[in-house]
Amino acid sequence: MQLTVAMLLDGVMRTLREAVLPAVGERFARGQLFAVLDVLQNLRDRVEPKAELAEVEAASATAALERAAQALPAPDGPELARALAEIPAGPPAARAAALRAILVRAYEMLDGLPDERGAAARSALAEHLAAQTMRDVAVLKPSLLEEISKG
Amino acid sequence: MDDATLRERLEEFLRGRLADAASVRVTGLERSTEGFSAETFTFDVDVARNGTVEKRAFVLKREPLAGLLEPYDLEPEFRVLHALSAHPLPSPPTPWLERDPAVLERSFYVMDRLPGDVPIPVAGPDGCGPFTEAERANLGVDVVDALAQLHTVDWRRLGLGFLGDPGPGRAAAARELERWEDRIRRSELPLDPALAEALGWLRGHLPATNDITLVHGDYRLGNFLVARNAAGARLSGILDWELVHLGDPLEDVAWCTSELWRGGTAFASGLMLPEEFVERWARATGREPDAARLHFYRVLAIVKMIAIMLTGLRAFRDGRTADLRMAIFDHQLPYLHLLLGMLRGWMGGA
């Protein structure tokens, strides 16, 4: 995800203040809207992303990158292995983000290799990408795009 | 600027452009909620001349402060729409562009409002798409034929060379890929591995063509104006020309038939099976729909959509927009990664 929870909540509060509040004329509804803002601004610094999701992602990415590192010839394979070893212990979301950056680096390496030399590494990474995409999609809720578009 | 001031200034602008009118009165000014890009207003105008009052309907598009296709420059699309105003294509006649910020704070252009409404690419409550079978039959043909017509526009004769002819070979594909990679870079957001994989493949598979046409760039369900009456549904307008350029016509075909715009159906832009769409377009234009080129542009279509979403997310992160619709893109990205996986073949490993 590209937005942190804090960024998202800041944006929700900005939208409520700038785009919704001016259009709400009824006193009770305005009061309720201010109550929502009050809740959100106090919630902002007390929530973090669900660790379990990031843990699963990090474990899957690590396994895929280890396999890719073994399959890739030098200097790429050792470089990947070093990058994996250097990931600092930290919150799961930060580790998952660091691993995503290494996956991107791995794809850059593969782009410079003939297909047959990168096939095993590519296959390892593909398995992770597919599984992670399914996990990401599985937590999404049905879209309200029609209502959002039509107002 | 509040709507009352906007209306006053608009009336003043129109009095200057309709100099032969005794009076000009703007009514029914409304901001559209549907667009994600340029700000769109609809309004009617009573134009009094020689003792009679003519009613006209217009749409105004103004550069937004932030948006999905920033940085904005309305002039190229205005020049294309203006040049096409007398062409049989159902593009809205577009008489006026104003760049002076003293008028409405930002550049804008005004075009005629064509009849119809704009169905959007979402599944209906019963799981069906936005059109009935009978509507699809007429509209599908209209949409493909209009695209074929667009791709036969003599852009040199219409003076549209300013859009920049990419030239022969791989230049058209390279330029489009660079255009969207550049937007991704400018978002300064971390690259997702699924996107990195697709970008690497696209760089290594640029297709060549010597067939350069006018390309709408956003030709798809959601940008079609559809007029429904007792006789059925017909295409009454092609909207949103912000991405117009010169390039490979298969780019439009791939975009319009992309999984992005199926509206919960198996149909390209909710209208007809993708292979039927491509076949009809090929017959209408006399062109060969090269499978490898089409596949390249299908992958690029998803990358382009991701780039657009990242641009919106950047604007949201920076606090340059209070439009929460931009934030929604963050949780829509996994769907696009899924589409990339299907097109690139790596979803088979799931």
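Top to bottom, those sequences are chains A and B. With my numbering applied, the first sequence covers 309 to 459. With my numbering applied, the second sequence covers 4 to 353. Note that beta-carbon positions come from the ideal geometry of N, C-alpha and C, so glycine has one too.
- Can you check the region 205-256 of chain B for any beta strand (DSSP E) of at least 3 residues that lies completely inside it and give the ranges in chain order? Correct list: 216-218, 227-232, 235-241, 248-250.
- Please go through the region 329-385 of chain A and give each complete alpha helix (DSSP H) segment of 4 or more residues, from N-terminal end onward. Within the region 329-385 of chain A, the complete alpha helix (DSSP H) runs of at least 4 residues are 335-351, 359-379.
- Closer than 9 Å, CB to CB, is A:Gln349 near chain B or not? No, its Cβ sits nowhere closer than 9 Å to a Cβ of chain B.
- Task: For B:Tyr222, return the contacting residues in chain A, with the cut-off set at a CB-CB distance below 8 Å.
- Result: One finds nothing in chain A with a Cβ atom closer than 8 Å to the Cβ of B:Tyr222; even the nearest lies about 19 Å away.
- Item | N-terminal and C-terminal residue of the alpha helix (DSSP H) that A:Arg443 is part of | Looking at the DSSP string, the run of the alpha helix (DSSP H) that includes A:Arg443 is 423-446.
- Message: Below 8 Å on the Cβ atoms is my contact criterion, and I expect B:Leu163 with B:Ala86 to pass it. Report the Cβ-Cβ distance as a whole number of Å.
- Response: Confirmed, about 6 Å.
- Just the C-alpha distance for B:Leu21 and B:Leu209, rounded to the nearest angstrom, thanks. Whole-angstrom Cα-Cα distance: 49 Å.
- Task: Reducing DSSP to helix, strand and coil, say where B:Thr43 ends up.
- Result: Secondary structure at B:Thr43: strand, using DSSP grouped into helix, strand and coil.
- Message: Please list, in chain order, the chain B residues whose beta carbon lies closer than 9 Å to that of A:Ser368.
- Response: Annotation: A:Ser368 has no Cβ neighbours in chain B at a cutoff of 9 Å; minimum Cβ distance is about 11 Å.
- Task: Let me know the secondary structure DSSP gives A:Thr312 once reduced to three states.
- Result: Three-state DSSP puts A:Thr312 in coil, outside helix and strand.
- Message: Threshold first: 3 residues or longer. Then list the beta strand (DSSP E) segments lying entirely within the region 73-119 of chain B, N to C.
- Response: The beta strand (DSSP E) runs lying completely inside the region 73-119 of chain B and spanning 3 residues or more are 99-101, 111-115, given in chain order.
- Item | Alpha carbon of B:Gly352 to alpha carbon of B:Gly70, nearest angstrom | Note on B:Gly352: pLDDT 43, under 50, position unreliable in the model; the coordinate value appears next. Cα atoms of B:Gly352 and B:Gly70: separation of roughly 36 Å, rounded to the nearest angstrom.
- Residues near A:Leu380 by beta carbon distance below 6 Å, same chain, minus five either side: In its chain, beyond the 5 residues on either side, Ala429 have a beta carbon closer than 6 Å to the beta carbon of A:Leu380.
- Could you list which residues in chain A have their beta carbon closer than 9 Å to that of B:Pro193, in chain order? At a C-beta separation below 9 Å, B:Pro193 has these neighbours in chain A: Gln310, Ala405, Arg408, Ala409, Val412.
- When the Cα of B:Leu253 is compared with those of B:Arg265, B:Tyr338, B:Glu11, B:Ala151, which residue comes out closest? Ranked by how close their Cα comes to the Cα of B:Leu253, the residues B:Arg265, B:Tyr338, B:Glu11, B:Ala151 have B:Ala151 in first place.
- Message: Using only the alpha-carbon positions, how far apart do B:Arg3 and B:His219 sit?
- Response: Missing from the structure shown is residue 3 of chain B; chain B here goes from 4 to 353 and no further.
- Message: In whole angstroms, give me the CA-to-CA distance for B:Thr45 and B:Met275.
- Response: Taking the straight line from one Cα to the other gives about 31 Å.
- Task: Please go through the same chain and pick out, in chain order, the residues whose beta-carbon is closer than 7 Å to the beta-carbon of A:Val355, but skip the five residues on each side of it.
- Result: Within its own chain, the residues whose Cβ lies closer than 7 Å to the Cβ of A:Val355, once the five positions on either side in sequence are excluded, are Val313, listed in chain order.
- Item | Minimum C-alpha distance to A:Asp384 - residue among A:Glu334, A:Ala331, A:Ile410, A:Val447 | Ranking the options by Cα distance to A:Asp384, first place goes to A:Ile410.
- Task: Please compile the residues from chain B whose C-beta is within a distance smaller than 8 Å of the C-beta of A:Ile395.
- Result: For A:Ile395, none of the residues of chain B pass the 8 Å Cβ criterion, the least Cβ distance being about 15 Å.
- Item | Listed by chain order, chain B residues near A:Gln327 by CB distance under 7 Å | Checking the displayed sequence, the identity of residue 327 of chain A turns out to be Ala instead of Gln. Within chain B, the residues near A:Ala327 are Ala325.
- Message: Does the CB of B:Tyr338 have a neighbour CB from chain A at under 9 Å?
- Response: Chain A, which has a Cβ nearer than 9 Å to the Cβ of B:Tyr338, makes this yes.
- Would you kindly check if the distance between the Cβ of B:Gly225 and the Cβ of B:Ser305 is under 9 Å? Residue 305 of chain B is actually Ile in this sequence, not Ser. B:Gly225 is positioned such that its CB atom lies no closer than 9 Å to that of B:Ile305.
- Tell me whether B:Gly351 sits in a helix, a strand or coil according to DSSP, three-state version. Correct three-state label for B:Gly351: helix.
- Under the three-state DSSP convention, the category B:Leu71 falls into: Coil.
- Taking Cβ-Cβ distances shorter than 9 Å, what residues in chain B pair up with A:Ala401? None at all; the shortest Cβ gap to chain B is about 12 Å.
- Task: List the endpoints of the continuous alpha helix (DSSP H) containing B:Ser190.
- Result: Start and end: 174-190.
- Measure from the alpha carbon of B:Leu341 to the alpha carbon of each residue in A:Thr441, A:Met321, A:Gly459, A:Ser451, then state which is nearest. Selected option, being the one with the closest Cα: A:Thr441.
- B:Leu316 lies in the alpha helix (DSSP H); which residues open and close that run? DSSP places B:Leu316 in the uninterrupted alpha helix (DSSP H) bounded by 294-320.
- Inter-residue CB distance, A:Ala377 and A:Ala401 (contact presumed, cutoff 8 Å): About 23 Å; that fails the 8 Å criterion.
- C-beta contact flag for B:Gly119 and B:Arg231 at 9 Å: The criterion of a C-beta distance shorter than 9 Å is satisfied by B:Gly119 and B:Arg231.
- Query: Using a Cβ-Cβ cut-off of 6 Å (strictly less than) and excluding sequence neighbours within five positions of B:Gly273, which residues of its own chain qualify?
  - Reply: Gly132, Pro133, Phe134, Leu224, Gly266, listed in sequence order.
- Are the Cβ atoms of B:Ala330 and A:Ala327 separated by less than 9 Å? A distance of 9 Å or more separates the beta carbons of B:Ala330 and A:Ala327.
- Please determine, among B:Arg347, B:Thr212, B:Val229, B:Trp158, the residue with the shortest C-alpha to C-alpha distance to B:Lys145. The sequence given here has Asp at residue 145 of chain B, not Lys. The option with the nearest alpha carbon to B:Asp145 is B:Val229.
- Hey, would you say B:Pro196 sits closer than 9 Å to A:Ala405, going by beta carbons? Cβ distance not < 9 Å, so B:Pro196 and A:Ala405 don't count as in contact.
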